[in-house]
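Here the structure comes first, spelled out in structure tokens, and everything after it is commentary.
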Amino acid sequence: MSLQTRARTRSSKEKSSLEKATTQETTPLINGVSQTNNQQPVVSRLSSPSFSQRALASSANLAKLLPTGTLLAFQLLTPIFTNNGSCDHTTRTLTVILQHLLAASCFIACFTDSVRASDGQIYYGFATFKGMWMFDYAGSGIDEDLSKYRLRVIDWVHAVMSVLVYGAVALKDRNVVSCFYPRPQHETQEVLDIVPIGIGLVCGLLFVVFPTTRHGIGYPITSGN
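Residue numbers (the numbering used here): -2 to 222.
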């Protein structure tokens, strides 16, 4: 092999090595790891929830502000009373009565509270203007001053907001909406979509600004209560 041929072969090898190094240096970095030409970068795109989805999730979380017994009764009885959304005159009337009774239970539960007696048991009572009236305890083992549990203005505010929250939860239930509005018009559907979300967001904000200190029937009991 002549010197000229060897020089051409060496030049070709150096040129190929130079192009390979240049390609590796200019490859973009993803998460700090270089990608070669035969490896395609994998980019995972997580779709962020829309505003309506976040609002619906917030309204669903408001159900935690309602008594657990009322929610359980709502979930169990509503499909039965509404016939799974296919209402006639009788079932529609029964559904109206059921919803009023459950809303009234949310209202009344806001005026109940609990206290721990000297025996370690928790007893419930009803808040009055003078204090708390114990309806499931007749002993004298309560050392706390029951007058500090007297009725306040904020209790009425919480009671009204609880009824509104229950209404928002009920209006987002498929069986209830199908019972009263089987074929809603466009304007009615807009109201059914917007009003419960607005009520839920406003009431949720008010519950955060003015939190309740009572632990009545159907609400969780804290260790300090």
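Each residue gets a CB set at the ideal place from its N, CA and C atoms; glycine is no exception.
Euclidean distance between Cα positions of residue i and residue j
| i | j | result |
| --- | --- | --- |
| F207 | W153 | 12 Å |
| S175 | I191 | 17 Å |
| K127 | L143 | 9 Å |
| C200 | L168 | 15 Å |
| T87 | I94 | 11 Å |
| V160 | E141 | 31 Å |
| H212 | F108 | 10 Å |
| H183 | Q96 | 25 Å |
| G197 | A165 | 6 Å |
| L224 | D170 | Residue 224 is absent from the structure shown; the chain starts at -2 and stops at 222. |
| I105 | G195 | 24 Å |
| P193 | S115 | 44 Å |
| Y146 | E187 | 42 Å |
Opening and closing residue of the beta strand (DSSP E) in which residue i lies
| i | result |
| --- | --- |
| Y178 | Here Y178 belongs to no beta strand (DSSP E), and DSSP marks it neither H nor E. |
Residues near residue i in its chain [Cβ-Cβ closer than 6 Å; skip 5 each side]
| i | result |
| --- | --- |
| R42 | In this prediction, R42 scores a pLDDT of 42, lower than 50, which makes its location untrustworthy; the coordinate-derived value is nonetheless stated afterwards. Correct list: empty, nothing qualifies. |
| T33 | In this prediction, T33 scores a pLDDT of 44, lower than 50, which makes its location untrustworthy; the coordinate-derived value is nonetheless stated afterwards. None. |
| T92 | F78, T79, C176 |
| C84 | C176 |
| A100 | V160, Y163 |
| V40 | Below a pLDDT of 50, predicted positions are generally treated as unreliable, and V40, at 38, falls in that range; the measurement from the model is reported next regardless. Cβ neighbours of V40 beyond the five flanking positions: none. |
Residues near residue i in its chain [Cβ-Cβ closer than 8 Å; skip 5 each side]
| i | result |
| --- | --- |
| N172 | T75, P76, T79, N81, G82 |
| D189 | The question names Asp, but residue 189 in the sequence shown is Leu. Answer for L189: L168, V174, Y178, P181, listed in chain order. |
| L148 | F108, A124, T125, F126 |
Burial state of residue i (16 or more Cβ within 10 Å)
| i | result |
| --- | --- |
| I214 | buried |
| P179 | exposed |
| D133 | exposed |
| D110 | buried |
| T210 | exposed |
| S63 | Inspection of the sequence shows that residue 63 is occupied by Leu rather than by Ser. Result: buried. |
| H252 | What is shown of the chain runs -2 to 222, which leaves residue 252 out entirely. |
| Q72 | exposed |
| G117 | exposed |
| V150 | exposed |
| S102 | buried |
Cβ neighbours of residue i in the same chain (closer than 7 Å, five flanking residues each side left out)
| i | result |
| --- | --- |
| M158 | C200, L203, F204 |
| W130 | G122, F123 |
| T185 | Y178 |
| A70 | L99 |
First through last residue of the alpha helix (DSSP H) which encompasses residue i
| i | result |
| --- | --- |
| T65 | 65 to 78 |
| D116 | Where D116 is concerned, there is no enclosing alpha helix (DSSP H), given that its DSSP letter is neither H nor E. |
| D152 | 150 to 168 |
| L98 | 86 to 106 |
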